[in-house]
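Enquirer:
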Amino acid sequence: MTVPRARAVAVSGCLALVALGLNACGHTPPVTPQKPSVATSAEDVGGMSALIAAAKHEGKLNAIALPRDWANYGGLIEGFEKKYGIKVTVANPQGHSEDEVDAVKKSRDRRNAPDVIDVGDTFARAAAAQNLLAPYKVAAYDSIPSSQKDPQARWYNNYGGYISIGCDANRVQTCPQTFADLLKPEYKGKVALEGNPTRSGTAFASVYAAALANNGSFDNIQPGLDFFAELKRKGNFNPVASTSATVESGQTPINIDWDYVNLNYADQFRNKGVNLQVAIPFDGSFAQYYALAINKNAPHPAVARLWQEYLFSTEGQNLRLYGYARPVLADVMKKNGTLDEAAAAKLPTVEGTPEFPTDAQTGKARDTVARGWAKAIGG
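Per mature numbering (1 follows the signal peptide of the UniProt record, and there is no 0), the sequence shown runs over residues -24 to -1, 1 to 355.
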């Protein structure tokens, strides 16, 4: 009889203290919402409704280096604008990862500074080390694999794919299937990269893939540089950086790029006389995800955070699939039944489970490429 009585007294005591406005008996007072610029989660702002309201008040997102035909950014931008009535502007749409990081560093807190960046995860790690990024946990943060996110939530991978070889079969008699094929004399002047691997995450990954195809490893990217030096020596290397325009025009009849980019080109230009065949080279299978991050000095901090939430939502992740990109939350969505299975079935089949280099390995590889690329291609 004494236990229930003692419990009742304790409860009534707690109620009395709460009535007096005192923090006792485990009671936590309401948290005062924080400004979006310092919020590390939507809850800090007061929840998603409050974040949406703040974002609509700001009314604009400054993005950079997001081509509409890259991983379905066209669909994502349209979806975000329609859902929230917030205008998205994209500076330097054909820019590369290093251009994005440079823009964040140079713009500081100017109104035209990028709010967000989308970069190869090696560049995201470098930006975080330079204290350029704001920590923020999207609602899905805990579901992102630990290998695909920064433990301080300064960046996290959103989508990815495999390095592939795109080839216009209307301009090339026999399309290459492997890196070894690219050295054949029939491809003289035809093989292009997406950019300079010292600045482009895609081109850097292409060098890594070439290394794996030539007895290199995550610890040794030098064979990749040697491969492109040989490609240049044989006259097969095309110095023009491949874009949608160069693929359509035939200026880069063979281009090394992500599978989701080449597959989108194939769809985009099918009715324009471009018969783009896409192969994932089995001799140099290399997968990578791209990281999203918020500029620490984002001029539109609420919109920047809402943009991240959207890209990690079920809607955003399925929109990635429509652009042939592999959502980082695909496994989780498959388990809970929210993955668009029809769109997922259109992705190229690959064998085995992708492996990824460590931070130390990518750092070493970037240094090697930075020192050796100009020498490899002769300037």
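C-beta atoms are modelled at their ideal positions from N, C-alpha and C, and glycine is treated no differently.
None of these values were measured; they are calculated from a predicted model.
State the Cα-Cα distance for the pair D335 and Y132, rounded to the nearest angstrom.
Expert: Distance between the alpha carbons of D335 and Y132: 14 Å.
Enquirer: Using 8 Å for Cβ pairs, my map puts L252 next to D126. What's the rounded Cβ distance?
Expert: L252 to D126, Cβ: 35 Å. No contact.
Enquirer: Just to confirm, does K340 get its C-beta within under 6 Å of one of the non-hydrogen atoms of the ligand SAM?
Expert: The ligand content of the structure shown is nil, which means the ligand SAM is not present either.
Enquirer: Does the segment 238 to 249 come close enough to the segment 134 to 143 to have 3 or more Cβ pairs within less than 8 Å?
Expert: Verdict: yes, contact present.
Enquirer: If A301 and N48 are in contact, beta carbons under 8 Å, what's the gap, nearest whole angstrom?
Expert: The Cβ separation is near 7 Å, so the contact holds.
Enquirer: Output the distance between the C-alpha atoms of A30 and N212, rounded to the nearest integer angstrom.
Expert: Those two C-alpha atoms are separated by around 53 Å.
Enquirer: Grab me the residues of G71's own chain with a C-beta within less than 7 Å of its C-beta, minus the 5 sequence neighbours each way, in chain order.
Expert: Result list for G71: I40 and A41, in chain order.
Enquirer: If you count every other CB in all the chains shown that lies within 10 Å of the CB of E170, and 16 or more means buried, which is it?
Expert: When all chains shown are included, E170 counts as buried.
Enquirer: In the DSSP output, what is F213 paired with across the bridge?
Expert: Note: F213 sits in a beta bridge opposite V167.
Enquirer: So what's Y112 in DSSP terms, helix, strand or just coil?
Expert: DSSP places Y112 in coil when its eight states are reduced to three.
Enquirer: Between K32, S25 and A104, which lies nearest to A267 when the distance is taken from Cα to Cα?
Expert: Here the closest residue by C-alpha is A104.
Enquirer: Pull up the DSSP beta-bridge partners for I270, would you.
Expert: For I270, which the question treats as bridged, DSSP gives the partners V92 and A110.
Enquirer: Check whether the segment 304 to 316 and the segment 48 to 61 touch, using three or more Cβ-Cβ pairs below 8 Å as the test.
Expert: Contact between the segment 304 to 316 and the segment 48 to 61 is absent, because fewer than three Cβ pairs lie under 8 Å.
Enquirer: Hey, Q22 and P9 are a contact pair by Cβ (cut 8 Å); roughly how many whole angstroms apart?
Expert: Looking at the sequence shown, residue 22 is not Gln but Gly. Their Cβ separation, rounded to whole angstroms, is 4 Å, which keeps G22 and P9 in contact under 8 Å.
Enquirer: Helix, strand or coil, according to DSSP, for K11 in the structure here?
Expert: It is coil, neither helix nor strand.
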